[in-house]
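Data first, discussion second: the structure below is written as structure tokens.
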Amino acid sequence: MLARSTVLSRLALAAAAACVAPAVLAQTDPATPAAPAAAPATAAPAATAPAAPADPAAIEQALKATPVLLDAAGIAKGNAVLKGKRFYIAEYRVLFEVSGRVTANTRAAYFGGRDYGATRVSVNYEWKQPDLQLMQAITDKAYADFLARMDAAGLKPEPIDAFVQANGAVYETKVEPTKPGAEVYEEVDLGYGKRKYMVFAPTGTRTVERGFIGLGAGNIGKRIDFSKGNMEGVSVGMVVNLAAQESSGGGSSMFKRGSSANASAAMEVGVPPKQFGVLQTHATSQAVQLTAPLAVPGQFADLREVGGYDTQKDAVVQGIQMLGRLTMGLAGNNSKKVDMALEVDGAALAKHALQGMVSTNQMMVGAIQ
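As structure tokens, then:
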């Protein structure tokens, strides 16, 4: 009897520890004898078939095709005064998403004699082998389109090297973008979601250095000189998101019986982190902003589940949690983690990314006065 009692005691302690330890993986919710079983944390199912290998000829054709502009009415906000000024394009910075994470959770709670366990779910996705050459080609094509639209609107930016050598700069363009073997990344935390980007710029160009708050004040003296001399520098930037993120957020298990999170292949073009808008002037700090990301319709990738963990499918964890409920009235914490591979069709990516980017180019040029 003593041996049996000792074993039960140790199992009960293990169950209690399992309920209070912070969850590392995605969690689902628990139940108690006094309360109905909580809904499990869920992650929406992903596509099971991988994307077809990219056809180089199809990619080349997509890069050469003329993109059809999307209906972006009402998305652009603000303007920039450049007509009649001397100005240069300091950077054309494009951030392609290569991975991300979306989470949801509920906090454990105890009320009215009922114990409510915590839940957590996390969905991680990643483009395992990003095609740097393709993203560089898309960036170069989008930049050429931007310059052509500027020219058609009667806007003539001066060559950056000659302009800066003669006049200096409010913000120096000295940061190298992604190159083969020297990838540059930027991450953004969205609360219940995270995105990781690879940073690109047109071939042979660099980007402006950014700090924690973005561009910062820059060279105040040059800012004054530029304003007096009717001169301007221009930063252009955009992100190309490759996944839509959905999360049930957080809250107490007393009011929310489970957690859910999902990621799905979907493209949108938006404002990059650490920048006021897709276009920002240096001396006057004017910006062309987007009231919402520009959604780009069409299929360009699949998200395929490649791994993960679920406490509800772990017999050992379920046994410990059952013992905790029976012996101590404790609800167990439930977690679920889903790992997904973003499998990209290169030709479709080129087609849809360029469609979104040139549509954004048109919005920017249309907002220049």
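Heads up: the sequence shown runs through residues -26 to -1, 1 to 343, numbered per mature numbering (1 follows the signal peptide of the UniProt record, and there is no 0). Don't be surprised by glycine CBs; every beta carbon is placed ideally from N, CA and C.
According to DSSP, which residues form a beta bridge with residue 125?
-> Looking up residue 125 in the sequence shown gives position 151. DSSP output for residue 125 lists no bridge partner at all.
Since residue 185 sits in a beta bridge, which residues does DSSP pair it with?
-> As a position in the sequence shown, residue 185 is number 211, starting the count at 1. In the DSSP output, where bridge partners are listed per residue, residue 185 has 188.
Which of the three DSSP states, helix, strand or coil, is assigned to residue 2?
-> Indexing the sequence shown from 1 puts residue 2 at position 28. Because residue 2 carries a pLDDT of 47, less than 50, the predicted location of this residue cannot be relied on, and the following value inherits that uncertainty. Note: residue 2 maps to coil in three-state DSSP.
Run through DSSP, which three-state label would residue 130 get?
-> For the purposes of this step, residue 130 is taken as residue 156 along the sequence shown, with counting starting at 1. Coil at residue 130, not helix or strand.
Cβ neighbours of residue -3 in the same chain (closer than 6 Å, five flanking residues each side left out) | Walking along the sequence shown from the start, residue -3 turns up at place 24. For residue -3, the predicted structure reports a pLDDT of 32, less than 50, and the residue's modelled location is therefore unreliable. A value from the coordinates is still provided. If we look at residue -3 and ignore the five residues flanking it on each side, it has no Cβ neighbours.
May I ask which residues mark the beginning and end of the alpha helix (DSSP H) holding residue 195?
-> Counted from its first residue, the sequence shown places residue 195 at position 221. Under the DSSP assignment, residue 195 falls in the alpha helix (DSSP H) whose first and last residues are 194 to 202.
Are there three or more Cβ pairs, one per stretch, closer than 8 Å when the region 57 to 67 is compared with the region 201 to 217?
-> The region 57 to 67 vs the region 201 to 217: in contact.
Using DSSP with H/G/I as helix, E/B as strand and the rest coil, what is residue 259?
-> Walking along the sequence shown from the start, residue 259 turns up at place 285. Correct three-state label for residue 259: coil.
Go through its chain and collect everything with a Cβ distance to residue 240's Cβ below 7 Å, but skip five positions before and after it.
-> Here residue 240 is taken as the residue at index 266 of the sequence shown, counted from 1. Same-chain partners within the cutoff: 217, 218.
For residue 215, which of helix, strand or coil comes out of DSSP?
-> The count along the sequence shown starts at 1 and reaches residue 215 at position 241. Residue state, collapsed to three classes: strand.
Which first and last residues belong to the alpha helix (DSSP H) in which residue 334 is found?
-> Within the sequence shown, numbered from 1, the residue matching residue 334 stands at position 360. Boundaries of the alpha helix (DSSP H) around residue 334: 320 to 340.
DSSP-derived helix/strand/coil call for residue 160 = On the sequence shown, residue 160 is found 186 positions in, with the first residue counted as 1. Note: residue 160 maps to strand in three-state DSSP.
Please name the residue in 282, 93, 242 whose C-alpha comes closest to that of residue 78.
-> Stepping through the sequence shown from its first residue, residue 78 is reached at position 104. Residue 78 has its Cα closest to that of 93, out of 282, 93, 242.
If you draw a straight line from the C-alpha of residue 178 to the C-alpha of residue 113, how long is it?
-> Mapped onto the sequence shown, residue 178 falls at position 204. Mapped onto the sequence shown, residue 113 falls at position 139. Their backbone Cα atoms lie some 12 Å apart in a straight line.
Residue environment, residue 71, which counts as buried when at least 16 other CB atoms sit within 10 Å | In the sequence shown, residue 71 corresponds to position 97, counting from 1. Classification for residue 71: buried.
For residue 22, which residues of its own chain have a beta-carbon under 8 Å away from its beta-carbon, when the five flanking residues on both sides are left out?
-> Translated into the one-based positions of the sequence shown, residue 22 becomes position 48. Confidence is the limiting factor: at residue 22 the pLDDT is only 40, short of 50, which leaves the residue's position unreliable, though a coordinate-based value still follows. 278, 279, listed in sequence order.
Between which two residues does the beta strand (DSSP E) harbouring residue 37 extend?
-> Taking the first residue of the sequence shown as 1, we reach residue 37 at position 63. Looking at the DSSP string, residue 37 is not in any beta strand (DSSP E); the run it does join, the alpha helix (DSSP H), is 30 to 38.
Cβ neighbours of residue 254 in the same chain (closer than 6 Å, five flanking residues each side left out) = The residue given as residue 254 occupies position 280 in the sequence shown. The answer, listed in chain order, is 209, 261.
Given residue 65, which residues of its chain have a CB within under 8 Å of its CB, disregarding the five upstream and five downstream residues?
-> The residue labelled residue 65 in the question sits at position 91 within the sequence shown. Counting only Cβ-Cβ distances below 8 Å, and skipping sequence neighbours, we find 147, 175, 179, 180, 181, 182, 209, 210, 211.
Can you grab the Cα-Cα spacing for the pair residue 29 / residue 52, in whole Å?
-> Walking along the sequence shown from the start, residue 29 turns up at place 55. Walking along the sequence shown from the start, residue 52 turns up at place 78. The straight-line gap from Cα to Cα measures roughly 41 Å.
Using three-state DSSP, classify residue 19 as helix, strand or coil.
-> Reading the sequence shown from its first residue, position 45 is the one you call residue 19. Note that residue 19 scores 47 on pLDDT, short of 50, meaning its location in the model is unreliable; the coordinates nonetheless yield the value given after this. If DSSP states are grouped into helix, strand and coil, residue 19 belongs with coil.
So what does DSSP say about residue 25, is it helix, strand or coil?
-> Looking up residue 25 in the sequence shown gives position 51. Bear in mind that a pLDDT of 47 at residue 25, under 50, signals an unreliable position, so the model cannot answer this.
Is DSSP giving residue 264 helix, strand or coil here?
-> As a working mapping, residue 264 is identified with position 290 in the sequence shown. Reduced to three states, the DSSP call for residue 264 is strand.
Close Cβ partners of residue 158 (< 6 Å) along its chain, the five nearest in sequence each way excluded | Translated into positions along the sequence shown, residue 158 becomes position 184. Once the five neighbours on either side are set aside, the close Cβ partners of residue 158 are 151, 152, 173.
Segment contact flag, the region 182 to 192 with the region 31 to 45, C-beta cutoff 8 Å, min 3 pairs | no
Leaving aside the five residues before and after residue 131 along the sequence, list all residues of the same chain whose C-beta is less than 8 Å from its C-beta, in chain order.
-> Your numbering for residue 131 matches position 157 in the sequence shown. Here the set comprises 61, 62, 63, 121, 124, 208.
Could you check what DSSP says for residue 63 in three-state terms: helix, strand or coil?
-> In the sequence shown, residue 63 corresponds to position 89, counting from 1. If DSSP states are grouped into helix, strand and coil, residue 63 belongs with the strands.
Tell me, which residues are paired with residue 316 by DSSP?
-> Translated into positions along the sequence shown, residue 316 becomes position 342. DSSP, once it has assigned bridges, lists 277 as partnering residue 316.
So what's residue -5 in DSSP terms, helix, strand or just coil?
-> Residue numbering aside, residue -5 sits at position 22 when the sequence shown is read from its first letter. Unreliable placement is indicated for residue -5, whose pLDDT of 32 sits below 50; the coordinate value is still reported in the next sentence. Residue -5: coil per DSSP, three-state reduction.
Please report the residue range of the beta strand (DSSP E) in which residue 53 lies.
-> Here residue 53 refers to the residue found at position 79 of the sequence shown. Residue 53 -> no beta strand (DSSP E), and no H or E assigned at all.
Residues of its chain near residue 108, where Cβ-Cβ distance is below 6 Å and the 5 sequence neighbours each way are ignored = To locate residue 108, count along the sequence shown from 1; it is residue 134. Correct list, in chain order: 320.
In or out: residue 196 buried (at least 16 other Cβ within 10 Å) or exposed?
-> Your numbering for residue 196 matches position 222 in the sequence shown. Residue 196 should be labelled buried.
According to DSSP, is residue 78 helix, strand or coil?
-> Numbered from its first residue, the sequence shown carries residue 78 at position 104. Three-state result, residue 78: strand.
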